[in-house]
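Residue numbers (this note's numbering), protein chains in the order written: chain A, 5 to 302; chain B, 5 to 302.
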């Protein structure tokens, strides 16, 4: 499956550029702007007739992005594109994966249906698969998932001497152990102590003596960053070395990034969501994943 | 077709209340909020099993509203609703009704398809039908259109002595003449003189002598309000009476409303889009239109 045209939704130019280069494909032009009344205007300035197209759009802060993305996919088909795929380095709406309270929207499923209707295939990086075993439980189109664990491990091995990898909870243990093994470092996971309905307290009792090691907190997503922030503070209070926070997707709601920096952490993310903390490049691995999709080509 | 539950998306409580009262129906509760990462959370706090549901959502500034609206419709079905209809007092994305330049998205069609997939029927007020003869050209579900012309005419008759109705262009003449006839007032339409590709100049030469009459500028939508603003200024410059601007849908992009008021106009709209200028109530007429939809009931 080799797209011959890549289209970058705003902010995704770097990823689209790397992908296009890997496939000797061209970058198509999409004009996207807002009318004064808030409606979106879109125009493809590239002939799409009988071409296989990949639209690149990371879906952090997704509500503003999904509607224009659906417009782009539908318009590409109308303009004669043979296949329209989606490369979403960050895939949104994966956390509401079950009806926790009666009447709740299971938005992971609704988004999967909208995207499955609009696109022929999907490639993404480490989607938040918690209660779903795989994307195929909710996506009806072929999907490929890129795993960032070994890239994160490489970064840690190169940049952190004497690391101790620390995962956020027991559910993350399998993933954390993979990162640690690849990085050649020991690991542990935090204990979350539930205090009532909403409050969760982190315990670092089971951390034991970090000693001369540098604590490296790893997680798939940093959103509010509360768990990481609390852990950073507890470690600092104990007099441990300044921790490094490493995540796949840095969403950084509100002032999450600034708070972590202020608490004394070094913060590093993969470039799935564009951010000043991006230090681990996943675009090359994304390009390889595209090649493994068995979708008919143009 | 009588819905037994009405759900108001945020800001549509008044319309939903009037509609529910007209049908002896209940107002269902929908909790809608944003997670810190910008994703939407929705929860119905009302049993929807085997009920016919109408979701009320005016679609001005539509990009933020359409995704949660689609989530609400899909979730209502999952929760067992028999039918899910949409009451959209203002229907967005009707102006991009053709591919004016190669490669453009015909967003009216894409939105129609998304809403037709999500809902069983649609009721709206004066959609901007320019190149489409009717909504059925793009909507595959039953639709009902409420016309505000006679309500606008009533308002003019009651509130403006000696009115001269003025339409924006020759294309609006049929609609303007209806309003004028119902209001028992004479009418005319402006001439638009095209200067190059983008600039349009209004001519009021064909207005003749307004005399003792009060100019009443009517239009279906006020968005940037440029045409109305220019006309108000030209009339004021001639020394005519302060004009009244009457529209169905007051979108008022940026400072459009303030500019019209500053130029000396009185501005009045129907309550399809909630705004301080709302003076013409269309909710009762909306309720009647619902009753004419032949969709099976619960």
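Positions of the beta carbon are idealized from the N, C-alpha and C atoms, including for glycine.
Element boundaries [beta strand (DSSP E), containing residue 191(B)]: Numbered from 1 along the second chain, position 187 holds the residue referred to as residue 191(B). Element bounds for residue 191(B): 191 to 193.
CA-to-CA distance, residue 60(B) to residue 12(B), given in whole angstroms: As a first step, residue 12(B) must be located in the second chain, where it is residue number 8. As a first step, residue 60(B) must be located in the second chain, where it is residue number 56. Approximately 5 Å, taken between the alpha carbons.
Quick one: Cα of residue 17(A) to Cα of residue 249(B), how far? Mapped onto the first chain, residue 17(A) falls at position 13. Mapped onto the second chain, residue 249(B) falls at position 245. Roughly 45 Å between the two C-alpha positions.
What do you get for residue 134(B), buried or exposed, if any count of 16 or more other CB atoms within 10 angstroms of its CB means buried? As a first step, residue 134(B) must be located in the second chain, where it is residue number 130. Burial call: exposed.
Decide if residue 67(A) is buried, meaning its Cβ has at least 16 other Cβ atoms within 10 Å, or exposed. By one-based count along the first chain, residue 67(A) stands at place 63. Classification of residue 67(A): buried, given that the 10 Å Cβ count is 16 or more.
For the stretch 54 to 81 of chain B, enumerate the residues whose C-beta is nearer than 8 Å to any C-beta of chain A, in chain order. 64, 65, 66, 67, 68, 70, 71, 72, 74, 75, 76, 78, 79
Note down the Cα distance separating residue 36(A) from residue 105(A), rounded to an integer number of angstroms. Locating residue 36(A) in the first chain gives position 32, where the first residue counts as 1. Locating residue 105(A) in the first chain gives position 101, where the first residue counts as 1. Straight-line spacing of the CA atoms in residue 36(A) and residue 105(A) works out to 38 Å.
Please list the partners that residue 49(B) has in chain A, where partner means a Cβ-to-Cβ separation under 8 Å. Within the second chain, numbered from 1, the residue matching residue 49(B) stands at position 45. Those are 107, listed as they occur along chain A.
Against residue 83(A), what residues of chain D qualify as contacts under a CB-to-CB distance less than 7 Å, listed in chain order? Within the model displayed, chain D is absent; protein chains A and B are what it includes.
Backbone secondary structure at residue 281(B) - three-state DSSP: As a first step, residue 281(B) must be located in the second chain, where it is residue number 277. The answer is coil: DSSP assigns residue 281(B) none of H, G, I, E or B.
Just to confirm my understanding: we take residue 300(A), look at its own chain, exclude 5 residues before and 5 after, and list those with CB closer than 6 Å. What are they? One-based indexing of the first chain puts residue 300(A) at position 296. Low per-residue confidence applies at residue 300(A): pLDDT is 46, beneath 50, and the placement is therefore not dependable, though the value from the model is reported in the following sentence. Closer than 6 Å at Cβ, skipping near neighbours: no residue.
With a threshold of 7 Å on Cβ separation, who are the neighbours of residue 164(B) within its own chain once the five nearest residues in sequence on each side are excluded? In the second chain, residue 164(B) corresponds to position 160, counting from 1. Excluding residues within five positions, the ones whose Cβ falls inside 7 Å are 218, 220, 248.
Can you pull the DSSP bridge partners for residue 219(B)? The sequence position of residue 219(B) within the second chain is 215, counting from 1. 168(B), per the DSSP bridge assignment.
Report buried or exposed for residue 148(B), applying the criterion of at least 16 other Cβ atoms within 10 angstroms of its Cβ. Counting from 1 along the second chain, the entry for residue 148(B) is found at position 144. It counts as buried.
Residue range of the beta strand (DSSP E) that includes residue 240(B): Taking the first residue of the second chain as position 1, residue 240(B) is located at position 236. From DSSP, residue 240(B) is part of no beta strand (DSSP E) but of the alpha helix (DSSP H) over 230 to 242.
So, helix, strand or coil for residue 123(B), using DSSP? Position 119 of the second chain holds residue 123(B). Reduced to three states, the DSSP call for residue 123(B) is coil.
Taking the straight line between their C-alpha atoms, what separation do you get for residue 302(A) and residue 39(A)? By one-based count along the first chain, residue 302(A) stands at place 298. By one-based count along the first chain, residue 39(A) stands at place 35. For residue 302(A), the predicted structure reports a pLDDT of 40, less than 50, and the residue's modelled location is therefore unreliable. The matter cannot be settled from this model.
Please tell me whether residue 124(B) and residue 112(B) are closer than 8 Å, where the distance is taken between their beta carbons. On the second chain, residue 124(B) is found 120 positions in, with the first residue counted as 1. On the second chain, residue 112(B) is found 108 positions in, with the first residue counted as 1. No, the pair does not count as a contact, with Cβ atoms beyond the cut-off.
Based on Cα-Cα distance, which residue from 244(A), 122(A), 281(A) lies nearest to residue 58(A)? Translated into positions along the first chain, residue 58(A) becomes position 54. The option with the nearest alpha carbon to residue 58(A) is 122(A).
Roughly how many angstroms separate the alpha carbons of residue 295(B) and residue 28(A), rounded to a whole number? Counted from its first residue, the second chain places residue 295(B) at position 291. Counted from its first residue, the first chain places residue 28(A) at position 24. Going from the Cα of residue 295(B) to the Cα of residue 28(A) covers about 59 Å.
Local conformation of residue 142(A) per DSSP, three classes: Your numbering for residue 142(A) matches position 138 in the first chain. Coil at residue 142(A), not helix or strand.
As assigned by DSSP and simplified to three states, the class of residue 295(B): On the second chain, position 291 is the one that residue 295(B) refers to. DSSP places residue 295(B) in helix when its eight states are reduced to three.
Under 7 Å from the C-beta of residue 259(B): neighbouring residues of chain A: Here residue 259(B) is taken as the residue at index 255 of the second chain, counted from 1. Close to residue 259(B), with beta-carbon spacing below 7 Å, lies no residue of chain A; the smallest spacing is near 11 Å.
Distance between beta carbons of residue 115(B) and residue 180(B), contact taken as under 8 Å: Locating residue 180(B) in the second chain gives position 176, where the first residue counts as 1. Locating residue 115(B) in the second chain gives position 111, where the first residue counts as 1. Not a contact, Cβ separation roughly 27 Å.
Pull up the distance between the alpha-carbon of residue 99(A) and that of residue 196(A), whole angstroms please. Taking the first residue of the first chain as position 1, residue 99(A) is located at position 95. Taking the first residue of the first chain as position 1, residue 196(A) is located at position 192. In a straight line, the C-alpha of residue 99(A) is about 19 Å away from that of residue 196(A).
Beta-bridge partners of residue 225(B), as assigned by DSSP: If you number the second chain from 1, residue 225(B) lands on position 221. Answer by DSSP bridge pairing, in chain order: 253(B).
Could you check the C-alpha separation between residue 215(A) and residue 120(A) for me, to the nearest Å? Start at 1 with the first residue of the first chain, and residue 215(A) comes out as number 211. Start at 1 with the first residue of the first chain, and residue 120(A) comes out as number 116. Approximately 49 Å, taken between the alpha carbons.
What are the residues of the stretch 211 to 228 of chain A that lie near chain B, defined by any Cβ-Cβ distance shorter than 7 Å? Correct list: 227, 228.
Determine the closest residue to residue 267(B) out of 237(B), 287(B), 290(B), with distance taken between C-alpha atoms. Your numbering for residue 267(B) matches position 263 in the second chain. Checked all of 237(B), 287(B), 290(B); the closest Cα to residue 267(B) is 237(B).
Would you report the Cα separation of residue 51(A) and residue 107(B), rounded to the nearest angstrom? On the first chain, position 47 is the one that residue 51(A) refers to. On the second chain, position 103 is the one that residue 107(B) refers to. Between residue 51(A) and residue 107(B), the C-alpha separation is close to 8 Å.
Consult DSSP for residue 208(B) and reduce its assignment to one of helix, strand or coil. Sequence index remark: in the second chain, residue 208(B) carries index 204 (1-based). Here residue 208(B) sits in coil by DSSP.
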